[in-house]
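Peer 1: Encoded as structure tokens, here's the structure I'll be asking about.
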Amino acid sequence: MRYINILSVVIAGVARLTAADSSVMTPASSATTSLGTTPTSTATCNPCAKISAHWAEHNRQNKTTLPTVKASLAHECLKSVPLGQHEAVQLIDAIEPYLEWQSDAAYKKDPPESYFYPGFDIFGNLAKVRSNVQAGKYSNEFDFQTDLYKQVWAPGHDGHFTFKPDLLHRAFRWYRNVSIVSISENGEALPTIKLQTDVLANPKTAQAITKINGINATKYVEDTANAASRFHDADASYNSMFWSKPTAAQGNVGDFVGAYSFLFYPGDTTNLTYANGTTIEVETKAFIDGNMTGVVDGPSMYKRFCSPLPLQPAAASANTNTTINTITNATIPGYPTPVIISPDRTISGYYLSGPGLDNVAVIYLQLFPVSNFAEFQTAISDFLRKAKAAGKTRLVIDLQGNRGGVVLLAYDFFRQLFPSIVQDGISRWKLSKTFEHLPRVVSELIKDIDPATETNLELRSLYYTPWSYRHNLNISNHNFEKFEEKYSPHTYKNTNYSNLIRINVGDPLTTTKLLGIDISGYGTRTNLTQPFEAENIILLHDGLCESSCSTVSTLLRHQGGVKSIAMGGRPNQGPMQGVGGVKGAEGLGFTQIYQYINSVSRFTTNSTVKAGLQRFKTLPMERSVAAGINAQDQILRDNIDDGIPSQYITEEADCRLYWTAPMISDVTEIWKSAANSAFNGAKCAYGGISTSKAKRGNKAPPVHRLK
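Position one of the sequence shown corresponds to residue 1 (the UniProt record's numbering), numbered consecutively onward.
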């Protein structure tokens, strides 16, 4: 999630933006040029030179599309890039200090038995890769960067915990031009895998895919997702491989198309075998994403794509909220005409119709945006008001594919639905050695200032950083009176953490001054009326909810008493979690950490403190396209004593539904199915709304854990 403070108007935390976005986005144009193995007149036999010549010729002829080459040619080029051994060691050493900020490193090493994915040692694996570099075990840069990611980040299954190394992400992107869908024949039968185009062409004759490259299709999809998915839940990881209407509305065509291709070279073709025995061959292309100027061979590829790039200054995030009007004449591609939609299309509202559905409203939240905050708030309040005026008494909250955003907007949405309930939002920091320096320096600086009257803008800004003990509230919603109350260590798994904290949402300098709005339930928005009863609200998930989406889901379920439905998942009978993405309370990019440290270090003369802070370099950001960590754990009230982060708590949806063929072409079919199960007694594929008795937030019994 994202959190707003004065030092950094919008700091990192949306999994979608600060972490590796493993989703493959639809290309800007379907028109591409392609290169086979025949060299152009200016190219040599070197694969990188062939690609460079093709890229240059393509740009001379057509600069509006991305050029493509055969996947094998791009792979040959990448494998020819020599290892920068000294530079690799420097990069690893520069990465390590940032990883010390990862809040749940000890839990990643030793997760609870109920957690699906196996534990791994972040720092042990990083040291292993460093040793391999020094021992000359990598024959090229591509193999080094691939193993670095596989060993350190892929096992984390954490959307906030990421590092996208340069060669793997700046040059090429492999792409299968087909999407797959998960389809149950009648909503009760276990889903099978089909081509999206086959289902759209004729749902009745579309054949199930039984094998992919000779491997059981379900196993192939599961194994690919489990190897590198950003999701902590196996069903969510599985869902991420598929095309669906909600994720397509956000430009995501499903990870089968090409996500993780930087880790798993797919070859030039993929063979798909249908249930009737027919096999088709799907070609894999490589999009040329990078500037190939000057590339003639492997060494010049290294120079072009592995040379550190200077950090670009972050663009200022301006609060441009003035007069806000929601609009009603815009649509989301593939969606019906909305009753209301925000100008940025992140929020849209709809009404259902049909037997038992005429009183149902649907609100679709794509994310909690990092700008246009008043637009978000106004769109929500306008739709709720219009829905009530139209006689709607029930509400479907569609959070499918929601990857989070600004956490204060998650709070605002919750308080618009439940204005009398004060949100929990309990979290904590990991007190690594370098982290501890920041609150000690800052708290000493601001201990005697009054932020309301302080004229030194820098000191006033430091007062509102997380490092100030006077900032944040305790879990009883009171201020910390001294440094020790907030930062005396609380130890779990041999790791020191801060006391539990909450954002002071009632402080206008935290909210109103920066966002341009009062959060609902505070300031000018304290006289709201609850629009729907909890039993008349249903949460709709697909497992891909993460970050601030996880926060609002937790608030709605644990405090609001709202029940939930999860769509899809692996082809089995059993429960499924609705929130399968990162549940961390705050993600920080490496750049944000560096900026914090660089700012605070100017205020100390302590040589020990300075030495610790000087370990943080810009090299990891200069050698990657994204880098971040989970900085704060979210802690549920049931886990205040044992300290287990919510990331490791299994929370199953009350009802599970499978996708059916009509849902591929009509998103309202998803909404109607959810509404009928929630409000009209329709059966769930597993579980049930009326029969659900499970206490939310409890640790689940052990599952069949991935080994």
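Every residue, glycine too, gets a C-beta built ideally from N, C-alpha and C.
Please list the segments of the alpha helix (DSSP H) lying wholly inside the stretch 50-85, counting only runs of 4 or more residues, in order along the chain.
Peer 2: Listed in chain order, the complete alpha helix (DSSP H) runs (minimum 4 residues) inside the stretch 50-85 are 71-79.
Peer 1: Please name the residue, chosen from 394, 602, 87, that lies closest to residue 437 on a Cα-to-Cα basis.
Peer 2: Translated into positions along the sequence shown, residue 437 becomes position 437. Nearest of 394, 602, 87 to residue 437, Cα basis: 602.
Peer 1: How would you write the range of the alpha helix (DSSP H) that residue 549 sits in, first residue to last?
Peer 2: Within the sequence shown, residue 549 is the residue found at index 549, counting from 1. Per DSSP, residue 549 belongs to the alpha helix (DSSP H) from 548-554.
Peer 1: Taking all protein chains shown into account, do 16 or more other C-beta atoms lie within 10 angstroms of the C-beta of residue 378, making it buried, or fewer, making it exposed?
Peer 2: For the purposes of this step, residue 378 is taken as the residue at position 378 of the sequence shown. The residue in question, residue 378, is buried, as its Cβ has 16 or more Cβ neighbours within 10 Å.
Peer 1: Does the distance from the CB of residue 428 to the CB of residue 498 come in under 7 Å?
Peer 2: Taking the first residue of the sequence shown as 1, we reach residue 428 at position 428. Taking the first residue of the sequence shown as 1, we reach residue 498 at position 498. In this structure, residue 498 lies closer than 7 Å to residue 428 by Cβ.
Peer 1: Since residue 165 is in the beta strand (DSSP E), which residue starts that stretch and which ends it?
Peer 2: Taking the sequence shown and counting its residues from 1, one reaches residue 165 at position 165. Here the beta strand (DSSP E) through residue 165 covers 162-165.
Peer 1: With a cut-off of 7 Å, does the C-beta of residue 63 fall near any C-beta of chain C?
Peer 2: No chain C appears in the structure shown, which is made up of a single protein chain.
Peer 1: Residue 214: buried (16+ other C-beta within 10 angstroms of its C-beta) or exposed?
Peer 2: Working through the sequence shown from its first residue, we reach residue 214 at position 214. Classification of residue 214: exposed, given that the 10 Å Cβ count is below 16.
Peer 1: Our contact map puts residue 396 next to residue 671 with C-beta atoms below 8 Å; I'd like the distance itself, whole angstroms only.
Peer 2: Your numbering for residue 396 matches position 396 in the sequence shown. Your numbering for residue 671 matches position 671 in the sequence shown. Confirmed, about 6 Å.
Peer 1: Which residues bound the beta strand (DSSP E) around residue 625?
Peer 2: For this step, residue 625 is matched to residue 625 along the sequence shown. Looking at the DSSP string, the run of the beta strand (DSSP E) that includes residue 625 is 624-634.
Peer 1: Tell me the start and end of each unbroken alpha helix (DSSP H) in the stretch 165-253 that is at least 4 residues and wholly inside, in chain order.
Peer 2: Entirely contained in the stretch 165-253, the alpha helix (DSSP H) runs reaching 4 residues are, in chain order, 166-170, 196-201, 217-228, 234-239, 245-248.
Peer 1: DSSP three-state label for residue 367, please.
Peer 2: Your numbering for residue 367 matches position 367 in the sequence shown. Coil.
Peer 1: Mapping the DSSP letters down to three states, classify residue 396 as helix, strand or coil.
Peer 2: Start at 1 with the first residue of the sequence shown, and residue 396 comes out as number 396. Looking at residue 396 - three-state DSSP - the assignment turns out to be strand.
Peer 1: Out of curiosity, what's the CA-to-CA distance linking residue 501 and residue 588?
Peer 2: Here residue 501 corresponds to residue number 501 of the sequence shown, with the count starting at 1. Here residue 588 corresponds to residue number 588 of the sequence shown, with the count starting at 1. If you take the alpha carbons of residue 501 and residue 588, they lie about 17 Å apart.
Peer 1: In terms of residue numbering, what span does the alpha helix (DSSP H) encompassing residue 607 cover?
Peer 2: Start at 1 with the first residue of the sequence shown, and residue 607 comes out as number 607. 607-613 is the span of the alpha helix (DSSP H), which, as asked, contains residue 607.
Peer 1: For residue 687, which residues from the same chain have a beta carbon less than 8 Å from its beta carbon, with the 5 sequence-adjacent residues on both sides left out?
Peer 2: Within the sequence shown, residue 687 is the residue found at index 687, counting from 1. For residue 687, where only same-chain residues beyond five positions count, the Cβ hits under 8 Å are 575, 652, 653, 654, 655, 656.
Peer 1: Is it a yes or a no for the stretch 568-582 touching the stretch 414-434, going by three-plus beta-carbon pairs under 8 Å?
Peer 2: Output reads no: the stretch 414-434 does not touch the stretch 568-582.
Peer 1: When the Cα atoms are used, what is the spatial distance from residue 370 to residue 586?
Peer 2: Against the sequence shown, residue 370 aligns to sequence position 370. Against the sequence shown, residue 586 aligns to sequence position 586. For residue 370 and residue 586, the distance between alpha carbons rounds to 14 Å.
Peer 1: Any idea what DSSP makes of residue 603, helix, strand or coil?
Peer 2: As a position in the sequence shown, residue 603 is number 603, starting the count at 1. Correct three-state label for residue 603: coil.
Peer 1: Run through DSSP, which three-state label would residue 287 get?
Peer 2: Working through the sequence shown from its first residue, we reach residue 287 at position 287. Strand.
Peer 1: Just to confirm the assignment: which complete beta strand (DSSP E) runs, minimum length 3, are found wholly within the stretch 477-551?
Peer 2: List check, beta strand (DSSP E) in window: 490-492, 495-497, 537-541.
Peer 1: Could you pull the start and end residues of the alpha helix (DSSP H) that residue 576 belongs to?
Peer 2: The residue given as residue 576 occupies position 576 in the sequence shown. Segment: none, residue 576 is in no alpha helix (DSSP H) and carries neither H nor E.
Peer 1: Please return the same chain residues whose Cβ sits closer than 6 Å to the Cβ of residue 145, not counting the five positions on each side in sequence.
Peer 2: Your numbering for residue 145 matches position 145 in the sequence shown. Same-chain partners within the cutoff: 165, 167, 168.
Peer 1: When the Cα atoms are used, what is the spatial distance from residue 309 to residue 170?
Peer 2: Position 309 of the sequence shown holds residue 309. Position 170 of the sequence shown holds residue 170. If I take the Cα positions, the gap works out to 11 Å.
Peer 1: Pick out whichever of 363, 392, 367 has its Cα sitting closest to the Cα of residue 357.
Peer 2: As a first step, residue 357 must be located in the sequence shown, where it is residue number 357. For residue 357, the nearest C-alpha among the options comes from 392.
Peer 1: Output yes or no for whether 7 Å exceeds the beta carbon distance between residue 630 and residue 305.
Peer 2: Taking the first residue of the sequence shown as 1, we reach residue 630 at position 630. Taking the first residue of the sequence shown as 1, we reach residue 305 at position 305. Contact flag unset, no.
Peer 1: Go ahead and pull the three-state DSSP assignment for residue 587.
Peer 2: On the sequence shown, residue 587 is found 587 positions in, with the first residue counted as 1. Note: residue 587 maps to strand in three-state DSSP.
Peer 1: Is the stretch 202-211 in contact with the stretch 273-291, if contact means three or more CB pairs nearer than 8 Å?
Peer 2: Flag = yes, the stretch 202-211 and the stretch 273-291 touch.
Peer 1: Alpha carbon to alpha carbon, how far is residue 690 from residue 681? Give it in angstroms, no decimals.
Peer 2: For the purposes of this step, residue 681 is taken as residue 681 along the sequence shown, with counting starting at 1. For the purposes of this step, residue 690 is taken as residue 690 along the sequence shown, with counting starting at 1. Cα to Cα, residue 681 sits roughly 8 Å from residue 690.
Peer 1: Can you name the start and end residues of the alpha helix (DSSP H) that residue 385 belongs to?
Peer 2: As a working note, residue 385 is residue 385 in the sequence shown. Here the alpha helix (DSSP H) through residue 385 covers 373-389.
Peer 1: Less than 7 Å between the C-beta atoms of residue 120 and residue 97, yes or no?
Peer 2: In the sequence shown, residue 120 corresponds to position 120, counting from 1. In the sequence shown, residue 97 corresponds to position 97, counting from 1. Contact: no.
Peer 1: Taking all protein chains shown into account, do 16 or more other C-beta atoms lie within 10 angstroms of the C-beta of residue 544, making it buried, or fewer, making it exposed?
Peer 2: Looking up residue 544 in the sequence shown gives position 544. Residue 544 is buried by the Cβ-count criterion.
Peer 1: When we look at the beta-carbon of residue 363 and count the other beta-carbons within 10 Å, is it buried (16 or more) or exposed?
Peer 2: Counting from one through the sequence shown, the residue named residue 363 turns up at place 363. Flag for residue 363 reads buried.
Peer 1: Within a Cβ cutoff of 6 Å, which residues of the same chain sit near residue 76, ignoring the five residues on either side of it in sequence?
Peer 2: Position 76 of the sequence shown, counting from 1, holds the residue named residue 76. Excluding positions up to five away in sequence, the list reads 47.
Peer 1: With a Cβ-Cβ cutoff of 7 Å, do residue 534 and residue 560 count as a contact?
Peer 2: As a first step, residue 534 must be located in the sequence shown, where it is residue number 534. As a first step, residue 560 must be located in the sequence shown, where it is residue number 560. Yes. Within cutoff.
Peer 1: With H, G and I counted as helix, E and B as strand and the rest as coil, what does DSSP make of residue 153?
Peer 2: Your numbering for residue 153 matches position 153 in the sequence shown. The answer is coil: DSSP assigns residue 153 none of H, G, I, E or B.
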